Amino acid sequence: MEKAIARLGRQNHMNNLISKLPLLTVVYGLQCFMITKLELGINLGEFAFLMAMTLILFVGGLFVYDNYQHVLLYSDHILIYFEPLNTAQRIKYQDIAEIITPTDECDFSSIVFKLTSGKQVVIHFVDYPLQVKHVINEIKNGNLNPIEEKKAA
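Number 128 in numbering that gives the first Met the number 0 belongs to position 129 of the sequence shown; there are no gaps in the numbering.
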């Protein structure tokens, strides 16, 4: 079985999301408080429950995406695999016409692969996208190979 050269990470996005949870909770509380002051005849219990479920689905969805979508770089292709749905997409390096990233390095961002077929494949929340773009270009040019694990003597 072929060894992956690298795996794209999303730890910076997870750290950012976790650090923002207190702020999201405060905003949720303020919205519930404001709706009580507006006296619009809205059932506050139902409103609070609906907002809480929406917040949980939003944060939970980001958590699942960050932890269960795997992007592996091989010597001849990129494999994008999403565990919960058991789906996989293989992109051959020769099919990539352009890799679009931010112009300045950042902790995390999306990467867009424009394919020669005209399709676009987007991977969200990738750590250090400019470094990833550089690594992918190096693999495409044949300059990077799988790292062999050293066995203890």
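All residues carry an ideal CB built from backbone N, CA and C; glycine is no exception.
Since the structure is predicted, the reported quantities are computational estimates derived from the model, not experimental observations.
Considering only the alpha carbon of each residue, which of the options lies closest to residue i?
i: N85; options: H69, E1, I99 and K91; result: H69
i: V58; options: L20, F46, P83 and T35; result: L20
i: K113; options: G40, Q30 and I90; result: I90
i: N136; options: I77, G28, F81 and K118; result: I77
i: N14; options: E1, F62 and M50; result: F62
Out of curiosity, what's the CA-to-CA distance linking residue i and residue j?
i: E97; j: P83; result: 29 Å
i: V25; j: S116; result: 46 Å
i: Q30; j: G141; result: 54 Å
i: Y27; j: G60; result: 18 Å
i: A151; j: M50; result: Note that A151 has pLDDT 47, beneath the 50 cutoff, so the model's placement of it is unreliable and no number is given.
Can you say whether residue i is buried or exposed, counting buried as having 16 or more other CB atoms within 10 angstroms of its CB?
i: E148; result: Legend: pLDDT at E148 = 45, less than 50; position of this residue unreliable, no value from coordinates given.
i: F32; result: exposed
i: L72; result: buried
i: P128; result: buried
i: T100; result: buried
i: I138; result: buried
i: I110; result: buried
i: H12; result: buried
i: S108; result: buried
Do residue j and residue i have their beta-carbon atoms positioned less than 8 Å apart in this structure?
i: L7; j: V121; result: no
Practice task
Give, in chain order, every unbroken run of the beta strand (DSSP E) that is at least 3 residues long and sits entirely within the region 55–119.
Solution key: Segments of the beta strand (DSSP E) lying fully in the region 55–119: 68–72, 76–81, 86–91, 95–99 and 107–114.
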